[in-house]
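Count along the sequence shown from 1, add 64, and you get the number used in this note's numbering.
In what follows, a single structure is set out as structure tokens and then discussed.
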Amino acid sequence: MIRFDPEKRLLELGVGDLVRHGGPVAIRAAPYQRSRLEAGVAEHRAWQCDPETAGERDGFRAEVAVRHELELDGYRVRLEGRIDGLHRSGDGWVVEEVKTVVVPPERFDGEALRDAVLSGASYAEYRLQVETYVLMVAAGGGGTPSGERVRGRLVFRNLAAHGEAREEIVDLEPDLGAVASEVRARARAILEECLEREARRQRLGALAGDIPFPHPSYRPHQDELAATVEETLERGEHLLISAPAGSGKTAAVLHAALRHALPRGKRIFWATAKTTQQRVVTATLDLLLRRWSEGSAGEERLPLRAVVLRAREKLCLTLREGGVVFCHDEYCRFAADYSRKVEAHGIATRLRELPVVTPDVVLETGEAAVVCPYELALDVVPECDLVVGDYNYVFDPASALRRFAPEELFADAVLVIDEAHNLLSRGREYWSPSVEASSLVAFREWAATHAGSLLERLLAFADRCEEVLSDAADAGGGEESETLPVELDARDLVELEREAGALRTAMLLEGPAIAASPDDPLERLGNELRRLSESPRLAEDGVPIVAFLDRRRASERIRAVCLDPSRPLADRMARFSSVVAMSATIEPLEFFEDVLGFPRQRTRRVRFPSPFPRENRGVFIEPRIATTFRRRARDSARIPELVDAIRAGRPGNYLVFLSSHEYLREVVAHIDPARIGRDIIVQRRVTDEDERDRVLETLREPGSARVLYGVQGGIFSEGVDYPGGMAIGVIVVGPGLPRFCVEEELAREHFEEVYEQGFEYAYLYPGMHRVLQAAGRLIRTPDDVGVIVLVGERFADSRYARLLPEDWYGASWRELVVDDVPAAVRRFWSTR
């Protein structure tokens, strides 16, 4: 990793950084990358311990650390590396570097290797690497006397030789003067980039104090919120913010974070749960940059750089063309020859000149140059001051930004967690892996047609998987139930995952096209085993994890369920200098502090009231309709009737959110089918962003008077606004408590033991957060006016009602319970 300290005038870099600078990048799918790495590591170890050549290598040492320093333009450049092998030979020393390749034996010769791009690096890079090590050793690196003769040797070993000629040796005795010049030239290029980056940081830091607020004026309490954020970041603490929808949290936090981070050269990572939240952040940033341009009167542009990361699948041009997502330069034309095309089109320079690199920008750029948009977005990340992306990039152990080391990307950075109430459920899923029975079935079917000579070994592996998983289920008691506790043996699972890795390597040697293909059940099964094998270790470390044989789905699965993700979430947040988590539904703050892993000794909790007039919102509770699972069928027909009666008070769009898709289906069954699609819109179980946008456009139509029936916690009830009269009423039916099941009951028991609030932590708080998120869709600006109706007897229960926002009522929440909701709604509208 390149490290630059301008105060000490020191540049530290590895030999790999030096030789790869500006070189080609190969985009390879995960199966190929992992198999290739595993095979290469094994081959290196075999070569270093080869008894046949040990006698020929006098005083052989493996993995020799070397260091070399030079001075460039008043800066010290410290170059470090690790040599595969170093030994004496005659009157001097030999530096050996081993490079494993996978090429057909007929093409395995020195001339062919010189023309090839091998594993993402060119022959020229390999040669420069060895020659650089020769230079370092000749100068006394590696514990050798300086001034002695030093030669280099590139040892190519072909993994695909299958017993044929599998080793090519290229001896090198470089001109050390020429190598020193090349090293200095490359080091100077890296130094110049670091100096340019530092100069931009200095300019940006000097201007940070003048960064304008994104809006001409503050909403009530918004300036106080921004000041609290900036003060907390200055103190290196964490912050939990509870502020109602429409408070302007995004603008306040973004402005404060930029003012703090930019003068200090810190990066801001803004983590979101939904794409819509990313759009809010970029829109706010656009307002800020526009106000800067207007205020600077054409003077220096704010040299801020930001990038918005989007999921690989959403940026895949091959998928848009009807193909499949498979990032491999031998399969995807957008991955093939990636670096050359990026350089030829000057893409890196053009993207660096943009203040905000959005998904639309990388899609358009990638399509024009036939390069991968996802990789383009990642290319920009190291140069950016603000990175906006999904929670996955920070927290998910399977989806984090693998291209970058955590200390490189997150060290001394500020993390903002948007809509932080979503992180609890996401965190539980991150550490709740499973192995599907369908994965084994697919693996067997695939092996029968793709395995070739490895068929017997692959089928034996499948048998062993079934045996281990069956033994785990038997150890749990063998009962016939939907969810059966099982006992996971970490050693067995690790052994299976290792065997999966060995099989991937064997498939690679059988032929690269087999080891890396879009349809690779071995990779899927191996990943499932790897993640499941980590669960017993996490449990030993104190993370509450229980394992089940789950028969509730079409395909059985063994699943390890994380009851409380606070510890692994805390481990990831510890990488950052400060963390700011915010939401309109993050109450009680103490609950989220506990379950999200915030350390109490360095975490502040703040609450802000609504900035909008209370009289603009009418809130009513209808307690006479049953919404519990056991009793709701009795009253489900009354809900559409109540909705129509409420609508009669004033025409317009109304949003109705129920606690589950099953409940939604029960209620919609009582609506005249002729109305569906006309004045009634019903959320489908699977609704993508395009369909959601079409529905929102329908609700924006002038004079629209429709009812949208959806679910709490869904795509219409969180992360989306309905401003300007787009919706004038929200009707929430029942608290969206998690469904009663074995996992939630175990979570309740865990929380009861740890916090003595089992029901509250496992059911009540998560359920009421969904209610408040749904209700928060209504009042988003000072001019919005509307009604909120909470339907169900539990909303009149003090355990639930005490969690309602205090600015919804005067002296007591009991004021919200009314005898005749439609009449109360009519009275509200009569005064508007």
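Think of the CB as a built atom: it goes at the ideal place given N, C-alpha and C, for glycine as much as any other residue.
Keep in mind it's a predicted model, so treat the numbers as computed, not measured.
Nearest-angstrom Cα separation, counted from residue j out to residue i
i	j	result
R261	E447	8 Å
R283	T339	25 Å
R698	V797	14 Å
V499	D628	21 Å
A335	V219	45 Å
I622	S496	10 Å
V201	V234	19 Å
L854	P675	22 Å
G310	P663	28 Å
L43	H324	Nothing can be reported for residue 43, as the shown portion of the chain is limited to 65 through 896.
D614	F672	43 Å
A320	A400	42 Å
G822	A536	29 Å
V775	P704	15 Å
L706	Y786	22 Å
R416	S281	31 Å
G856	T895	26 Å
R702	T292	47 Å
Q193	G80	7 Å
L722	V406	49 Å
E212	L82	24 Å
R125	G206	10 Å
Run of the alpha helix (DSSP H) containing residue i, from where it starts to where it stops
i	result
M790	Note, M790: premise wrong, no alpha helix (DSSP H); not H, not E.
G899	Residue 899 lies beyond the residue range present for the chain, which begins at 65 and ends at 896; the question has no answer from this structure.
H302	From DSSP, H302 is part of no alpha helix (DSSP H) but of the beta strand (DSSP E) over 302-306.
D708	702-711
A188	187-202
A370	Element bounds for A370: not the alpha helix (DSSP H) but the beta strand (DSSP E), 370-372.
I650	Careful: I650 lies outside any alpha helix (DSSP H) and carries neither H nor E.
Residue burial classification, residue i (beta-carbon count within 10 angstroms, cutoff 16)
i	result
S700	buried
C529	buried
E587	buried
H734	exposed
K330	buried
Q665	exposed
C805	exposed
G86	exposed
S630	buried
8 Å contact criterion, which residue i and residue j should meet: CB distance rounded
i	j	result
V683	W872	5 Å
A370	V452	7 Å
E620	A501	4 Å
R841	V889	Not confirmed; about 17 Å, so no contact.
I147	V162	No, I147 and V162 are not in contact; Cβ-Cβ is about 10 Å, not under 8 Å.
R250	L134	At roughly 11 Å, the Cβ-Cβ gap does not stay under 8 Å, so R250 and L134 are not in contact.
S642	N717	No, S642 and N717 are not in contact; Cβ-Cβ is about 40 Å, not under 8 Å.
P600	A506	Going by Cβ atoms, the distance from P600 to A506 rounds to 25 Å, so no, they are not a contact pair.
L352	P276	7 Å
R142	E76	5 Å
A648	V550	Going by Cβ atoms, the distance from A648 to V550 rounds to 40 Å, so no, they are not a contact pair.
V720	L772	7 Å
R67	Y139	That belief does not hold up - the Cβ atoms of R67 and Y139 are roughly 13 Å apart, past 8 Å.
Bounding residues of the beta strand (DSSP E) (the contiguous stretch that carries residue i)
i	result
Y718	718-722
H85	From DSSP, H85 is part of no beta strand (DSSP E); its letter is neither H nor E.
S647	642-647
R283	Element bounds for R283: n/a, residue is neither H nor E.
L867	Careful: L867 lies outside any beta strand (DSSP E) and carries neither H nor E.
E76	74-78
P169	That residue, P169, is in no beta strand (DSSP E); it is neither H nor E in DSSP.
I233	231-236
Cβ of residue i within 9 Å of any chain C Cβ
i	result
E870	Considering every chain present, this structure includes no chain C. It has just one protein chain.
Beta-bridge pairing of residue i - partner residues as DSSP gives them
i	result
Y773	V720, V746
T336	D454
D122	R152
P549	F612
Y139	L136
L854	I685, V796
C626	I609
V903	Lying before the first or after the last residue shown, residue 903 is absent from the chain, which here runs from 65 to 896.
I481	A335, A645
F220	K163, E232
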